[in-house]
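What follows is one structure encoded as structure tokens, with my remarks underneath.
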Amino acid sequence: MTDGESDIVHRLETGPVDALPDLWVDAVVSDRVIDPAADRAALFAELFRVLRKGGRLAVSDAVSDVGEYRRLLQRAGFVGLSITLAEGRPAVVEARKPDACTGMVIRPMRDEDGAQVLAIYQAGLDTGNAGFETTAPSWEAFSQGKVLGYVAEDTETGRVLGWVAASPVSGRCVYSGVVEHSVYVHPGCQAHGIGRALMTTFIAASEDRGVWTIQSGVFPENAASLTLHQALGFRTVGTRERIGRHHGVWRDVIFLERRSPAVG
Ligand SMILES: CC(C)(COP(=O)(O)OP(=O)(O)OC[C@H]1O[C@@H](n2cnc3c(N)ncnc32)[C@H](O)[C@@H]1OP(=O)(O)O)[C@@H](O)C(=O)NCCC(=O)NCCS
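The sequence shown begins at 27 in this note's numbering and counts up one residue at a time.
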């Protein structure tokens, strides 16, 4: 369990987890054996969803096939698995949600990534809170003028999990170190630290190339993006009120920037 008085611990015997928000609890515990009829794969997926990064699972359960039980936990994304069997008693199962991504590499974006990058882009746009565009462009239009592009790749499957890319904001020499970026993570992989890992790599790479300011506009409704950027040193320059129309609605945009402490 994590230290501190504010830990949120959910006991399985007090109620189901499906009503809880994502990334909500520090620990899920249960003294009683989980309902034998429960679909373990679905349950573990839900527990993984509601746990915060680094959150703990500690339950007792009737485990007949340890190998299969471990696979179910792993498939849901848990790490640090421990299954302790004892004669005549239920097993004690412990696991945790990773506090950083495992099984992933961040690498430069390539033309072969085009279809996956654009599919992830479209899925983000479809949320209605990622950008003013409604349709992802062609790969040619997308890649034109991009100065930095990285993808997160699943090391096992080779699948692209997310991307970050930037373009210069101006052709004027005085702004040569100012870029505007976008970051998109596959909807099935969000809130697993991939956005943070992409952004961390991107910020370091941009500084290596002499970029001194990274900017971006974020809808106020996009809590995940605001949290991510603020955590990485972006500040709010201001709110641009009703700056553009999206599906017929005038929307505000929060203008963010990160001034490199290392460049210039
Ligand atoms: C915004 C986005 C890129 C973030 O990437 P991600 O991989 O989901 O985010 P991470 O797991 O790296 O989490 C980054 C931070 O945001 C927080 N966060 C993640 N999802 C959140 C949510 N739904 N609500 C609030 N905070 C959230 C995390 O707790 C984390 O903060 P911490 O590191 O201080 O704990 C991703 O959600 C996404 O692709 N959304 C759709 C497209 C989009 O909106 N792109 C941005 C356009 S401006």
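Glycine included, each C-beta is placed from N, C-alpha and C at the ideal position.
Query                                                                                                                                                              : Result
For my contact list, Arg266 and Glu283 are in at a C-beta cut-off of 8 Å; report their separation, rounded to the angstrom.                                        : Rounded, the Cβ-Cβ distance is 13 Å, inconsistent with contact.
So is the beta-carbon of Ser242 under 7 Å away from any non-hydrogen atom of ligand 1?                                                                             : yes
So Val76 is in the alpha helix (DSSP H); what residue range does that whole segment cover?                                                                         : 66-76
Taking 7 Å as the line, does the beta carbon of Thr160 fall inside it for any heavy atom of ligand 1?                                                              : no
Is the beta carbon of Arg96 sitting closer than 8 Å to the one on Gly106?                                                                                          : no
The beta strand (DSSP E) with Met130 in it runs from where to where?                                                                                               : 130-134
Consult DSSP for Val177 and reduce its assignment to one of helix, strand or coil.                                                                                 : strand
Among Ala145, Val118, Ala178, which has the Cα closest to the Cα of Ala88?                                                                                         : Val118
So, for Ala149: in the same chain, excluding its five sequence neighbours on each side, which residues have a beta-carbon less than 6 Å away from its beta-carbon? : Pro213
Can you give, in chain order, each stretch of the alpha helix (DSSP H) that sits fully within the region 100-164 and has at least 4 residues?                      : 140-152
Would you call Glu138 buried or exposed, if buried means 16 or more other Cβ atoms sit within 10 Å of its Cβ?                                                      : exposed
For Gly203, which three-state DSSP category applies?                                                                                                               : coil
With a Cβ-Cβ cutoff of 8 Å, do Gln99 and Val54 count as a contact?                                                                                                 : One detail in the question is off: residue 99 reads as Leu in this sequence, not Gln. No; because the gap between Cβ atoms is not below 8 Å, this pair is not in contact.
Between the region 161-175 and the region 246-264, can you find at least three pairs of beta-carbon atoms closer than 8 Å?                                         : no
With H, G and I counted as helix, E and B as strand and the rest as coil, what does DSSP make of Pro213?                                                           : helix
Do Lys79 and Gly219 have their beta-carbon atoms positioned less than 8 Å apart in this structure?                                                                 : yes
Between which two residues does the beta strand (DSSP E) holding Ala53 run?                                                                                        : 51-59
With hydrogens ignored, establish whether the beta-carbon of Ile269 is closer than 7 Å to any heavy atom of ligand 1.                                              : no
Give me the Cα-Cα distance between Tyr176 and Phe158, rounded to the nearest whole angstrom.                                                                       : 22 Å
Kindly identify the DSSP beta-bridge partner or partners of Val186.                                                                                                : Glu179
Could you tell me the alpha carbon to alpha carbon distance between Gln241 and Ser196, rounded to whole angstroms?                                                 : 12 Å
Are the Cβ atoms of Ser202 and Gly171 separated by less than 8 Å?                                                                                                  : no
Three Cβ pairs or more, each shorter than 8 Å: is that satisfied between the region 272-279 and the region 219-237?                                                : no
Just the Cα atoms here: how many angstroms apart are Phe74 and Pro62?                                                                                              : 19 Å
Beta-carbon separation of Pro116 and Ser90 under 8 Å?                                                                                                              : no
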